[in-house]
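If you count by the numbering used here, then the sequence shown holds residues 9 to 273, one letter each, in order.
Here is the structure we will look at.
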Amino acid sequence: MTQERQYRTEAVVLKRSDFGEADRILTLYTPERGKVRVLAKGIRRITSRKAGHLEVFVRSRLLVHGDRDLDIVAQAESVETYRSLREDLRRAACAYFAAELLDGFTGEEEGQAAVYDLLVETLRRLSAVRDLWLATHYFEMRLLGLLGYRPELFFCVRCRAPLKPEGNVLDPAAGGLVCPRCAGDDPNLPTVSPQAFEVLRFLQTRPYEVCATLSLTNRIRREVENLLEGYDVYLMERRLKSAAFLRDLRRHWQTLDAQTPESGT
Ligand SMILES: [Zn+2]
C-alpha cells in the first residue's frame, strides 16, 4: 500500500533525461534525502513555467508529490542558477565531472547536508573562479572524505609509520599511501612525487582559500589528477560490484521468503 505524501526540499539537478513526449526524469541531490529521482511533467513544453528552475546544475526549492513509481515535481523555484555552467564549455565539463562523481559514489536515499553544501559551494566556484582545476579536485578530495572513502595520506597504510614526502606509492585497494619500505613488493603502484604528496594533503585538510595559494605546475596537476582518478576508479568498481552483490542477495532473500510459509512472527 502506498501512502500519499508530499515534501518540500532544496535540490541541485545533477542529471536529466527526456521521458515521454514532454517530460523529463531528473536526478537531484538534496540535503536531507540525498540522491532522488523525480519526474518533471511537461517541462519540455515552451510554455512550461518550471523549465528554467530545473535546468541541470540549478539550485532550486521544490515541492514534490510522492507517487507509486516516481515522485513528481509540483513546484520549482530557483535559488541560484549558475548560468555560466551551461554557457561556458570548460566550466560545464568540470560541473559534469563533479555531478558524475557524486552520482557514482552515492546510492538513493542517503542524504548528507555537508555533501549538499560542498556541492553548492563547488558549483558557485566553478561558475566564477579562474582555476577550475583546483575547484574540481578540491571537490573530489573532500567528497571522498565526506562519503567515508578518505585516502590515508599521513601514515603508511601497511606499517602505520608516519609518512615523509619522499618515495611513497598510492595503493587504492589499501586505502591510501604506502611508505617506501613497504612499497618494495608492489612495483606496479603509482609513485607520488613530494610535490604531489603536499598538494594531496593540502586538498584533504586545508580550506579552499589556502589551497589556492599553492603554486601548481601543469606537471603536478596532471600527476595529482591521475592519482585521484586511479583512486576513484578503484572505488567506483568496488562500489558497483557491491551494488550488484546486494541486488543478488536481495533476490535470493525474496526467493527464500516466497518459499517459506508465514510463521506469524
Ligand atoms: Zn610502511
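From the three backbone atoms N, C-alpha and C, an ideal C-beta is built for every residue, glycine too.
List the whole-angstrom C-beta distance separating residue i from residue j, where the pair is believed to meet the contact cut-off of C-beta under 8 angstroms.
i: ALA106; j: PHE162; result: Their Cβ separation, rounded to whole angstroms, is 26 angstroms, which puts ALA106 and PHE162 out of contact at 8 angstroms.
i: LEU185; j: GLU160; result: 6 angstroms
i: ALA48; j: VAL81; result: 5 angstroms
i: PRO202; j: PRO170; result: That pair is no contact at about 15 angstroms.
i: SER56; j: SER92; result: That pair is no contact at about 23 angstroms.
i: ALA19; j: LEU70; result: 5 angstroms
i: VAL207; j: LEU222; result: 6 angstroms
Mapping the DSSP letters down to three states, classify residue i as helix, strand or coil.
i: ASP179; result: strand
i: ALA30; result: coil
i: ALA48; result: strand
i: ASP194; result: coil
i: ARG229; result: helix
i: THR10; result: Its pLDDT being 48, under 50, THR10 is placed unreliably in this model, and the value from its coordinates should be taken loosely. Of the three classes helix, strand and coil, the one that applies to THR10 here is coil, per DSSP.
i: SER271; result: Because SER271 sits at a pLDDT of 45, beneath the cut-off of 50, its placement in the model cannot be relied upon, and the point is left open.
i: ASP240; result: helix
i: ASP96; result: coil
i: ASP111; result: helix
i: TYR214; result: The sequence shown places Arg at residue 214, rather than the Tyr named in the question. Of the three classes helix, strand and coil, the one that applies to ARG214 here is coil, per DSSP.
i: ALA136; result: coil
i: ALA220; result: coil
i: GLN262; result: helix
i: LYS58; result: coil
i: ARG246; result: helix
i: ARG189; result: helix
i: LEU53; result: Contrary to the premise, residue 53 reads as Arg rather than Leu in this sequence. ARG53 falls in the coil class under three-state DSSP.
From the options, pick the residue whose C-alpha is nearest to that of residue i; which is it?
i: ALA143; options: TYR157, VAL128, LEU154, GLY156; result: VAL128
i: ARG32; options: GLU40, GLY42, ARG52, ALA19; result: ARG52
i: GLN120; options: LEU71, THR199, VAL44, LEU248; result: VAL44
i: PRO188; options: LEU47, GLU231, ARG168; result: ARG168
i: ARG166; options: GLY156, ASP240, LEU154, PRO180; result: PRO180
i: ASN234; options: THR213, ALA204, LEU97; result: ALA204
i: GLY115; options: LEU78, TYR37, ARG227; result: TYR37
i: ARG158; options: TRP141, LEU236, ASP125, ARG230; result: LEU236
i: SER86; options: LEU155, GLY60, ILE228; result: GLY60
i: GLY42; options: ARG24, ARG258, TYR242, LEU155; result: LEU155
i: THR130; options: LEU22, ARG247, ARG13, LEU243; result: LEU22
i: ARG132; options: PRO195, GLY192, PHE65; result: PHE65
i: GLN212; options: ARG150, GLU118, TYR239, TYR124; result: ARG150
i: ASN176; options: ARG214, VAL200, ARG230; result: VAL200
i: ARG16; options: ALA84, LEU34, GLU118, ALA100; result: ALA84
Looking at the strands, I want to know which residues DSSP matches up with residue i.
i: LYS23; result: THR35
i: GLU160; result: GLY184
i: ILE80; result: LEU47, HIS73
i: TYR15; result: VAL72
i: PRO170; result: PHE163
i: THR199; result: VAL177
i: SER86; result: SER68
Does the beta carbon of residue i fall short of 7 angstroms from some heavy atom of ligand 2?
i: ASN226; result: Within the structure as shown, ligand 2 is missing, the only ligands being ligand 1.
Original post:
What does the shell around ligand 1 hold, if a residue joins when its beta-carbon is under 7 angstroms from any heavy atom?
Top reply: Screening all residues for a C-beta within a distance smaller than 7 angstroms of any heavy atom in ligand 1 leaves CYS164, ARG166, CYS167, ALA169, VAL186, CYS187, ARG189, CYS190, in chain order.
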